[in-house]
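Here the structure is laid out as structure tokens; the discussion comes afterwards.
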Amino acid sequence: MVKISRWRYALLQWPHPVLEAGLVILDTPGLNSLGSEADLGLEAARSADALIFVLSADTGVTQSDLAIWEQSLGRHALQNQLVVLNKVDTLWDDLRDPGQESAVVQSQREKTAGQLGLNVDQVIAVSAQKGLLGRIRHDDQLSARSGLKELEEAIAETLIPGRCKSILDSAQRLIKRVVIDQRVLLEEQIKNLGGEIESMERLQAQTGEQLPRLLERQQKLLRSFASDRDSFVLKEQEFLESANSWLLQALSLEQLDQIVVSARTELLAAWTTVGIYDRFSRFFEETIAQFDNALERANRLSALMLDAYRILEQQYGLPKLDTIPYAILPRRAELLAMADRYERFGKRLEIAASTQGSVVRKAFFSLAQQIEAFVEETRKELRNWVNESLDLMNRQLELFAAQSKEKMAALEAIVDSSTNIQPRIQSLSQQRQGKESNLTMLNETYAALCDLMDIVPDFGLRKNSNEEFSI
1 MVKISRWRYA LLQWPHPVLE AGLVILDTPG LNSLGSEADL GLEAARSADA LIFVLSADTG
61 VTQSDLAIWE QSLGRHALQN QLVVLNKVDT LWDDLRDPGQ ESAVVQSQRE KTAGQLGLNV
121 DQVIAVSAQK GLLGRIRHDD QLSARSGLKE LEEAIAETLI PGRCKSILDS AQRLIKRVVI
181 DQRVLLEEQI KNLGGEIESM ERLQAQTGEQ LPRLLERQQK LLRSFASDRD SFVLKEQEFL
241 ESANSWLLQA LSLEQLDQIV VSARTELLAA WTTVGIYDRF SRFFEETIAQ FDNALERANR
301 LSALMLDAYR ILEQQYGLPK LDTIPYAILP RRAELLAMAD RYERFGKRLE IAASTQGSVV
361 RKAFFSLAQQ IEAFVEETRK ELRNWVNESL DLMNRQLELF AAQSKEKMAA LEAIVDSSTN
421 IQPRIQSLSQ QRQGKESNLT MLNETYAALC DLMDIVPDFG LRKNSNEEFS I
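Each residue of the sequence shown is one higher than the last, beginning at 1 in UniProt numbering.
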């Protein structure tokens, strides 16, 4: 039997140039009733590119408004956000002069900004009803007083440019990552070609009696490397098996489910503010302990992978890999920040047995869903980290194998005819010149992109590691 919720979005088609350009507006009314219909809106609001939080100007930020903001809407620090104080006309008073009236509205804006942790410029006082009435009647004074123009300017000057900056930052990170990968590859190829040229030049100066010994030495090197690489492949399978079982077991979803069930049972039985607050704290402590265990195991697995690679690195002169960066540390930091927000939320509670207690318990159900998704995403990042680390090592092994085979073929040709040495040196020099030209072109292209995107180019980078705008 399939249960289909009756809560669904209503899609309205309205011809407008901004909408046709890709802007999607999602209205989520009724968030202060923490039920199934609110959960649907909260999930959409969390994934939005920008957020307009509509409050009432006469009441300001209520306790339920603050709970929703801190638990769901305010957790994305980089998200572009505006707060609209609607029905500001309830603060209008014809007995006051305009200066006094503006002071009252400004005071409400400042108070709201302080409660939500925003700049005052992000809080806009609006009367939607008076603004619509003013535009219908072509009453410029009423339209100006309604604040709609200030809201439109804030959307145009804050939300949209903020989203553009987010896209630009993402593009900058992508460009840097691509430039780092290509630069490391080109520099390594130039270095290897230079070493091979020096080897060929020394070979050219040596007598013909030494060539067979060099050929035999290269053959032994290839046989030894093939054997060692087979051993590394076996270890690679062990690392993958350890990652899929031992490492991910530290972030077991089954264990997390047990933590959630235990916390939910104890939370439903708690009828005091202290009891609810303590259970929230212990829930985060148990979840963070999972992350600490996973971090310790990731460190141990990282050391094992580096040790396996370091044996080949020392024996065959492979590029040195000092560290293998992974993403669990920032994920743990984000979890700690989430725990801190809920701790501050819990300290403001007054009577848990009242409606606030019900709100907090319902908030925990939403929190549990967020944590489960958070852990699942972290597990996925851990798998990717292991695969990317092994891929990085294998690329170095493949590059060494290809270069060794090429050197072997060159030695065989040289043994057959020592006259091939000079053409080989010329060929290697041409290859090195081509790689150097590619590196120069890469740097020039990178500099041009930095100039275009108004960022400072970093030519000392070293390798460490279609969008829609919606409100």
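Ideal placement from N, C-alpha and C gives every residue a C-beta, glycine not left out.
Asked	Found
Backbone secondary structure at residue 86 - three-state DSSP	strand
Candidates 144, 409, 379, of which the one nearest residue 245 by Cα	379
Alpha carbon of residue 25 to alpha carbon of residue 50, nearest angstrom	10 Å
With 16 other Cβ atoms within 10 Å as the buried cut-off, status of residue 83	buried
Short Cβ contact (8 Å threshold) for residue 86 with residue 158	no
C-beta atoms of residue 90 and residue 55 nearer than 8 Å	no
Reduced DSSP category for residue 302 - H, G, I as helix; E, B as strand; rest coil	helix
Classification of residue 430 by the beta-carbon crowding that lies within 10 angstroms, buried from 16 upward	exposed
Residue range of the unbroken alpha helix (DSSP H) whose run includes residue 222	210–242
Counted within 10 angstroms of its Cβ, other Cβ atoms place residue 19 as buried (16 or more) or exposed	exposed
Cβ contact check for the stretch 263–278 and the stretch 214–224: 3 or more pairs under 8 Å	no
Residue 126, DSSP secondary structure in three states	coil
Rounded C-alpha distance that separates residue 285 from residue 65	27 Å
Distance CB(residue 108)-CB(residue 125) smaller than 8 Å	yes
C-beta contact flag for residue 238 and residue 439 at 8 Å	no
Exposed unless 16 or more other CB atoms sit within 10 angstroms - verdict on residue 12	exposed
Supposed close pair residue 201, residue 425 - CB separation, criterion 8 Å	6 Å
Simplified DSSP assignment, three categories, for residue 475	In the structure displayed, the chain extends from 1 to 471; residue 475 sits before or after that span and is not available.
Span of the alpha helix (DSSP H), counted from its first residue to its last, around residue 148	148–154
Three-state secondary structure (DSSP) of residue 114	helix
As assigned by DSSP and simplified to three states, the class of residue 61	coil
Close Cβ partners of residue 197 (< 8 Å) along its chain, the five nearest in sequence each way excluded	425, 428, 429, 432
CA-to-CA distance, residue 261 to residue 372, given in whole angstroms	12 Å
Cα-Cα separation, residue 304 to residue 241	13 Å
For residue 80: DSSP bridge partner residues	50
7 Å Cβ shell around residue 250 - same chain, five flanking residues per side excluded	290, 293, 294, 297
Cα-Cα separation between residue 277 and residue 255, rounded to whole angstroms	22 Å
Limits of the alpha helix (DSSP H) - the one that residue 158 falls within	Note, residue 158: premise wrong, no alpha helix (DSSP H); not H, not E.
Contact the stretch 167–185 vs the stretch 400–407: 3+ CB pairs below 8 Å	no
Residues near residue 331 in its chain [Cβ-Cβ closer than 6 Å; skip 5 each side]	378
Residue closest to residue 194, alpha-carbon to alpha-carbon, out of 436, 67, 444, 442	436
Distance between residue 364 and residue 352 (C-alpha atoms, nearest Å)	For residue 352, the pLDDT reaches just 43, beneath the cut-off of 50, and the residue's location in the model is therefore unreliable, although a value from the coordinates is still provided. Each residue's Cα considered, the two are about 14 Å apart.
Contact check, residue 391 vs residue 312, beta carbons under 8 Å	no
Buried or exposed by the 16-neighbour rule on C-beta atoms within 10 Å, applied to residue 389	buried
Boundaries (first-last residue) of the alpha helix (DSSP H) holding residue 70	Element bounds for residue 70: n/a, residue is neither H nor E.
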